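Beneath this line is the structure, given in structure tokens, with notes to follow.
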Amino acid sequence: MDEVAKNPFLCILENSFFSLYKSLFNSRSIVLLPISQSLINIDITKKFIEQHILTETSIKNNFINNKGQIVELINDTFVTSFGFSNHSVCNIIKRIRIPQGNNYIEAYLIDSHLLVSNNTELTYLQYNIEDDIEVIIQRWSKDNEEFGKFFINSLNRFNNTFVLVPGYESETSNIISNITDKSIKLLLVDKKDYSEQFKRKLVEICLNYSYYYLHDLLWGYLVKSYSTKEEIIQSRISKMRNELNLNLSLLIFENRHEVSNINILPSVELLHQMEMTRLPLKKLNYLEKAILINNSSSEPESISLLVLALVVGNVRNAIEHYSLMKFYLQSLNENSKSLYLLESAISFLIS
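Using full-length UniProt numbering, the letters of the sequence shown map in sequence onto residues 1 to 351.
See the structure below:
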């Protein structure tokens with residue numbers, strides 16, 4: 001909260017333009033609050049402040065500021081549009097409320113201000129990774145041939161020559177990560193000090209494309225490596241399905257609210273969507289939704305309901321999907337609570 005309390009934008013708004021500040025409480029306006037670091041050597045005038053006070057228009061995700069300029073909300077970024085002489089992409093750090101008594105100002109803490117120019121970020125962030133992964137890489141390769149040639153040739157070389165060895169999965173994910181990192185360095189040839197959110201977006205896009213491109217190689221390896229465990233899992237699922245009076249079970253979950261408010265079928269559908277996509281990030285998103293949709297009150301309950309969804313949905317290759325997502329997260333050096341819950345559900349089915 002110190003970043004907000006001591007923010008020069010907010011301090012000047014309150015101390016120098018108090019009537020404007022007071023009018024914002026419980027109004028329809030939202031304030032874009034640039035982080036303090038981005039305001040060094042910036043003259044924070046009334047005009048500058050009014051350019052960061054937005055009101056939503058009748059067009060979804062389009063806002064107009066107090067100076068009549070248009071700002072668009074694209075994914076998790078605010079992008080300058082009509083009326084601005086510059087092109088700026090400001091990443092949302094978090095949504096906040098600035099309180100005063102029983103009233104408050106709706107605000108977004110952003111990583112820069114609207115008057116900075118960053119055309120490269122604008123170009124690269126106007127894509128949906130889930131729908132346009134091939135289009136994105138094709139466009140970037142056309143704009144930067146050195147990037148495209150190195151990236152695709154490196155993936156081709158890996159695909160045609162690399163031998164995956166059991167027990168060396170982390171080394172494999174590191175190699176894929178290195179290909180991605182080297183490719184991104186070629187993409188950002190201007191050596192500009194880009195925001196961490198922007199660089200994170202590039203890594204996500206290139207890494208997901210890498211796993212998309214190498215899917216057949218990685219999937220074939222995982223299916224072969226886990227064939228014995230997959231047989232055990234499928235045998236256990238088959239046994240549990242036979243033990244369940246499935247039609248009665250589904251009837252209970254859909255209609256018997258005194259037994260449970262949970263309908264397992266939406267979770268099952270999300271797991272089937274997880275099965276179908278090749279993008280690791282999209283797999284993780286579907287898995288997370290499949291778990292969250294049940295509104296479980298505890299970790300053991302989450303695992304139990306996930307096991308039930310796997311059984312009811314007769315989900316196949318759960319351990320391979322888990323391993324592919326783990327590959328991806330190792331490349332990012334990250335963890336996932338949802339993946340841990342899936343691991344626990346798989347362990348139950350194997351035991």
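Glycine residues also receive a C-beta, built at the ideal position from the N, C-alpha and C atoms.
Note that the structure is predicted; figures quoted are calculated from it, not measured.
| Query | Result |
| --- | --- |
| Neighbour-count burial assignment, SER19, 16 or more Cβ in a 10 Å radius | exposed |
| Cβ contact (3+ pairs, closer than 8 Å) linking the region 135 to 145 and the region 168 to 179 | no |
| Per-residue DSSP class, three states only, for GLU171 | helix |
| Beta-carbon contacts of ASN7 that lie in its chain and below 7 Å, excluding the five residues immediately before and after | LEU33 and SER36 |
| Pick from ILE175, GLU243, GLU106 and PHE198 that is closest to LEU24, judged by C-alpha positions | GLU106 |
| Cβ-based burial, MET276 [other Cβ within 10 Å; buried from 16] | exposed |
| Own chain partners of PHE327 with C-beta closer than 6 Å, once the 5 adjacent residues on each side are dropped | SER173 |
| Cα-Cα separation, LEU305 to ILE233 | 16 Å |
| Exposure of SER298, with buried meaning 16 or more beta-carbon neighbours within 10 Å | exposed |
| Which of helix, strand or coil DSSP assigns to VAL266 | The sequence given here places Pro at residue 266; Val does not occur at that position. If DSSP states are grouped into helix, strand and coil, PRO266 belongs with the helices. |
| Beta-carbon proximity of LEU202 to LEU187, cut-off 8 Å | yes |
| Secondary structure, alpha helix (DSSP H): runs of 4+ residues fully inside the region 5 to 55 | 8 to 16, 18 to 23 and 46 to 50 |
| Where GLU320 falls, given that 16 or more other Cβ within 10 Å makes a residue buried | buried |
| According to DSSP, residues forming a beta bridge with GLU106 | ILE30 and ARG97 |
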